[in-house]
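2 protein chains.
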Amino acid sequence: MTTLNVEAHIKQLGEQAKQAARAMLKATGEQKALALRSMAEGILAARDEIKQVNAKDVALATAQNLEAPLIDRLSITDKTIDQMAQGLRQIALMPDPIGSLGPTSVRPNGMHVSQMRVPLGVIGIIYESRPNVTIDAAALCLKSGNACILRGGSEAFHSNVRLGQIVSAGLASAGLSQQAVQVVQTTDRAAVGHLVTLTDYIDVIVPRGGKSLISRLAKEATVPMIKHLDGNCHVYVDQGADLVMAENIVFNAKTYRYGVCGAMETLLVHKDIATQFLPVIAQRLQAHGVELRGCPETTKIIITANPASEDDWATEYLGPTLAIKVVSKLDEAIAHITLWGSGHTDSIVTQDIDTAERFQREVDSSSVYVNLPTCFADGFEYGLGAEIGISTNRLHARGPVGLEGLTTYKWVLRGHGQIRG
Amino acid sequence: MTTLNVEAHIKQLGEQAKQAARAMLKATGEQKALALRSMAEGILAARDEIKQVNAKDVALATAQNLEAPLIDRLSITDKTIDQMAQGLRQIALMPDPIGSLGPTSVRPNGMHVSQMRVPLGVIGIIYESRPNVTIDAAALCLKSGNACILRGGSEAFHSNVRLGQIVSAGLASAGLSQQAVQVVQTTDRAAVGHLVTLTDYIDVIVPRGGKSLISRLAKEATVPMIKHLDGNCHVYVDQGADLVMAENIVFNAKTYRYGVCGAMETLLVHKDIATQFLPVIAQRLQAHGVELRGCPETTKIIITANPASEDDWATEYLGPTLAIKVVSKLDEAIAHITLWGSGHTDSIVTQDIDTAERFQREVDSSSVYVNLPTCFADGFEYGLGAEIGISTNRLHARGPVGLEGLTTYKWVLRGHGQIRG
């Protein structure tokens with residue numbers, strides 16, 4: 388395809404998606420659940436064929452000398468297939484978020500005023516190598532009553548197109564528009580630029596992938612995005628902490644998984660308990676292979692810690708490294724988090740109720756914890772049932788985003804002929 | 388000022404606003420109410436001086452031959468001053484939206500998960516000639532815990548600067564940062580372009596003014612906007628309508644005020660009641676001076692109606708003109724609204740419960756009414772207590788926006804040392 392055709396293709400997908408989004412306003416919860424279950428059956432029935440098509444993508448990627456972790460993410464195994472089918476069935480079972488009414492108020496003139504939960508409209512999903520995202524994203528957009536346009540990694544192109552066909556068949560079997568889920572039919576990178584500026588047809592873009600992809604998209608996008616950038620998370624151990632609890636929380640926050648966005652990257656410790664607490668936690672973390680980098684106060688107490696520079700306060704390591712700073716009081720901890728943090732997830736360990744309340748009010752992050760490790764930053768842990776991603780936006784959806792983040796509301800008013808005077 | 392200085396000035400305002408927004412996280416509801424009451428007193432105490440400064444703006448505008456309605460909007464009278472003071476006191480009395488917690492759920496591991504209402508951060512308000520918006524906007528942003536940057540019309544510059552000084556004094560008297568409300572200190576139009584792209588410091592732009600201003604800003608803006616575009620509103624009189632009620636609703640929807648965004652612009656009438664209903668409503672509207680433009684079916688019934696073209700279905704008249712179309716069924720009414728409407732406010736008149744429900748579900752507008760005139764589209768009528776404006780966005784705030792539209796939430800989790808396994 389030439390660049391011109393790519394633009395026309397994306398515009399056509401946009402027009403079709405908008406039509407499909409309108410048709411989706413009539414979709415019942417039953418139809419959506421039926422479509423999701425049909426897709427699960429379709430995936431299981433096409434197991435061997437999906438693996439064959441995927442093997443073609445893997446062979447191409449291997450021939451192009453792509454890196455091993457990328458090829459790993461690209462590969463569809465029997466386990467991946469089972470998980471996709473299981474995910475579809477779980478989402479089918481979830482309550483339908485669409486059409487529910489919030490509290491109704493009655494105005495002095497007797498009008499009833501309420502909000503109804505409705506789909507956002509057309510959602511563009513841009514993601515990288517994992518082809519199973521095609522199924523996850525389609526399922527979440529469908530369940531929330533939206534139409535979507537899916538643009539996966541070019542290396543997973545054949546797998547994504549095949550999975551898209553199964554999704555289409557599932558939609559058709561439930562009497563829903565097949566254009567409610569569309570896979571971009573080109574690997575041309577220009578498609579992404581057209582998608583993120585298609586304001587006439589796309590209501591929101593949800594990018595799923597690494598920070599470099601998302602930062603780049605954010606610069607170009609004129610369509611609003613629900614996006615995730617940095618996760619530079621802090622745990623502050625207050626002078627009023629239970630130090631045994633603090634040790635377990637800090638150890639878990641760092642070591643649960645180094646690569647998750649909720650992993651602790653900087654530990655802040657109140658000076659009055661630093662000499663008691665730091666040697667204990669240092670030993671446990673170092674025994675686990677974590678490199679420690681500390682402020683001057685810290686390196687006096689932990690002589691095996693390396694000195695930290697300003698860069699360390701700003702870094703999201705996503706690896707076995709931890710920055711440590713001793714602070715003189717709560718205000719200094721909050722000021723450090725305000726200056727260096729990314730507004731993702733920050734936690735205090737303290738038994739003092741006033742200190743906990745101040746921390747939770749004054750730390751301006753999307754999740755603020757008391758006596759919990761930051762690695763709980765996850766929609767399933769919060770009870771959302773499904774997770775679209777974690778948002779570092781301030782508008783619309785913030786923090787872990789469930790199905791509700793893919794919806795909006797409309798005002799519904801009912802009267803009996805009241806007029807405005 | 389040169390263009391370079393304008394850019395530096397706006398950037399400085401942004402930095403100061405971000406600092407102030409952080410300080411506002413500590414502001415109590417009491418402090419905010421005190422500041423608002425002090426501002427009300429300040430305005431009343433400076434009554435004569437405000438009028439003198441405003442007279443200077445009016446004299447300049449008159450010398451520049453600005454149009455009479457603009458000069459009218461620009462003028463501050465004793466009544467304007469009383470209304471500003473009264474508005475401040477009313478907002479002072481409203482409940483503080485910040486810090487409240489939503490429902491708390493308890494997860495299987497015993498963690499408590501909840502959402503706390505928090506300020507959006509820094510809000511940019513861009514508005515036109517009315518200087519009282521300086522006070523309204525400052526009050527709403529302050530009450531919702533935000534810092535704001537105010538950029539009014541250049542013709543109201545001296546008035547806005549003076550009102551800004553009174554706001555500053557009110558903030559100081561309550562121990563709040565004076566930079567929580569800042570008025571742009573230049574009339575250079577370049578300031579607006581810098582404001583709408585200051586993504587590092589401004590979280591949202593709220594433009595208040597005519598459609599041309601807002602469309603222009605939307606094209607340039609990279610900061611998200613809570614904006615209002617068209618209000619092409621419909622009333623559909625169904626075959627199941629109470630025709631006396633329908634007559635009163637339709638008359639009110641058109642004539643309550645021609646210029647409001649909730650004014651009805653197109654009337655849709657079911658064919659089975661058209662010959663009975665149209666002559667009655669036509670007579671009443673024409674007697675009131677409303678020009679009628681109809682589809683071929685309509686002009687057969689109302690011979691004094693002019694023929695409507697496609698342009699009429701698309702036009703927001705904001706004046707004494709009404710387009711009328713006869714439709715054969717509910718689906719045709721919904722399809723017309725979907726095709727030509729602007730997603731603002733649309734209403735059905737019907738006594739049939741299933742028809743009402745389908746209309747309310749399938750019409751994809753920010754407000755959908757049953758048996759009410761569209762002119763109720765107003766935050767005060769909805770019970771919001773205050774109105775920032777009406778949003779035609781789908782993300783974040785939709786329809787009439789109260790104080791809550793200037794807030795967001797953060798997740799607050801409390802535990803007792805649970806760890807993730």
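Sequence lines, in order, name chains X and V. According to the numbering used here, the stretch in the first sequence is residues 388 to 808, in order. According to the numbering used here, the stretch in the second sequence is residues 388 to 808, in order. Built from N, CA and C at the ideal position, the CB exists for glycine as well.
DSSP three-state assignment for residue i, whether helix, strand or coil
i: X/Leu537; result: strand
i: X/Pro518; result: coil
i: V/Ala577; result: helix
i: X/Asp617; result: coil
i: X/His657; result: strand
i: V/Leu800; result: strand
i: X/Pro456; result: helix
i: X/Val610; result: coil
i: V/Ile688; result: helix
i: X/Val750; result: coil
i: X/Gln569; result: strand
i: V/Asn441; result: helix
i: V/Met388; result: With a pLDDT of 45 at V/Met388, under the threshold of 50, the predicted position of this residue should be treated as unreliable, and no value is reported.
i: X/Arg785; result: coil
i: V/Ile463; result: coil
i: V/Thr779; result: coil
Exposed unless 16 or more other CB atoms sit within 10 angstroms - verdict on residue i
i: V/Pro666; result: exposed
i: X/Lys712; result: buried
i: X/Lys419; result: buried
i: X/Ala559; result: exposed
i: X/Lys530; result: buried
i: V/Gln670; result: exposed
i: X/Ala661; result: buried
i: X/Val757; result: buried
i: X/Glu634; result: buried
i: V/Gly646; result: exposed
i: X/Asn780; result: buried
i: X/Val591; result: buried
i: X/Ala408; result: buried
Selection from the options that minimises the alpha carbon distance to residue i
i: V/Gln572; options: V/Thr464, V/Arg644, V/Phe544, V/Val593; result: V/Phe544
i: X/Asp698; options: X/Arg409, X/Glu652, X/Val757, X/Phe763; result: X/Glu652
i: X/Met426; options: X/Leu600, X/Asp469, X/Thr449, X/Ala722; result: X/Asp469
i: X/Leu333; options: X/Glu436, X/Ile522, X/Cys762; result: Residue 333 of chain X lies beyond the residue range present for chain X, which begins at 388 and ends at 808; the question has no answer from this structure.
i: X/Val520; options: X/His723, X/Lys606, X/Ser501, X/Val554; result: X/Val554
i: V/Gly786; options: X/Ser546, X/Cys682, X/Trp798; result: X/Trp798
i: X/Thr609; options: X/Ser602, X/His615, X/Thr586; result: X/Thr586
i: V/Leu726; options: V/Ala524, V/Trp700, V/Asp444; result: V/Trp700
Pair within 8 angstroms by beta-carbon distance, residue i and residue j
i: V/Asp659; j: V/Leu717; result: no
i: V/Asn619; j: V/Glu703; result: yes
i: V/Ala764; j: V/Leu790; result: no
i: V/Arg801; j: X/Tyr643; result: no
i: V/Ala556; j: V/Gly429; result: yes
i: V/Gln747; j: V/Asp629; result: no
i: V/Ile458; j: V/Asn441; result: no
i: V/Ile397; j: V/Leu582; result: yes
i: X/Leu759; j: V/Gln566; result: no
i: V/Gly770; j: X/Ser492; result: yes
i: X/Ala534; j: X/Leu423; result: no
i: X/Ser729; j: X/Asp575; result: no
i: V/Ala650; j: V/Val622; result: no
i: V/Ala472; j: V/Leu461; result: no
i: V/Thr795; j: X/Leu537; result: no
i: X/Asn547; j: X/Val570; result: yes
Identity of the residues DSSP links to residue i by a beta bridge
i: V/His731; result: BP columns for V/His731 are empty, so no partner.
i: V/Ala710; result: V/Thr653, V/Arg680
i: V/Val667; result: Looking at the DSSP assignment, V/Val667 forms no beta bridge with any residue, so it has no partner.
i: X/His499; result: X/Val493, X/Arg801
i: V/Leu488; result: V/Met503
i: X/Pro755; result: It is worth fixing the name first, because residue 755 of chain X is Val in this sequence and not Pro. X/Val755 pairs with X/Asp733, V/Val799.
i: V/Pro694; result: V/Gly681
i: V/Leu594; result: Sequence inspection shows Pro at residue 594 of chain V; the Leu mentioned does not correspond to that position. Note: V/Pro594 sits in a beta bridge opposite V/Ile513.
Min CB distance residue i to chain B below 8 angstroms
i: X/Gln747; result: Any reference to chain B falls outside this structure, whose protein chains are X and V.
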